[in-house]
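Below: the structure, in structure tokens.
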Amino acid sequence: MTETMGWRMRIAMAVAAGAAICLLSTPVRAQETGESLFKAKCAMCHSADGSGKSPMGEKLKIRDLHSADVQKQTDAELSAIITKGKEKMPAYESKLTKEQIEKLVAFVRALGKK
């Protein structure tokens, strides 16, 4: 009887270990926000506050994302700029998902309200 209990215990431990491995190997991704994406992908040129007052932003003469000039663009226009790039801005269509681009557009909109 103890031999049977030993096998049952080993099987239970193996199942528990397998479940733990499956759960731990699944990538746990923090909820991305427009702000976190912006800081990771855009802030180097556009600066963390969207003003364009970073060394690279000033060198490239990047417009302030708070400005009426930027804010009057439609969501589709902003999305197209992020997706395809414009002038010196690189395209992000192969680096970001559609959902991530939508979050960035929403973040740019929020900058216009600050």
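The numbering used here applies: residue 305 is where the sequence shown begins, and numbers increase by one. Note that the Cβ used here is the ideal one computed from N, Cα and C, for glycine as well. Note that the structure is a prediction, hence the values are computed from the model and not measured.
Cutting at 6 Å between CB atoms, please list the residues of its own chain near Gln-335, excluding the five before and the five after it. none
What does Met-393 pair with, by DSSP beta-bridge criteria? Lys-390
Closest residue to Lys-363 among Met-348, Gln-377, His-370 (Cα-Cα distance): Met-348
Can you check which of these residues, Arg-367, Ala-414, Thr-401, is closest to Lys-390 by C-alpha distance? Arg-367
From what residue to what residue does the alpha helix (DSSP H) around Ala-352 run? Note, Ala-352: premise wrong, no alpha helix (DSSP H); not H, not E.
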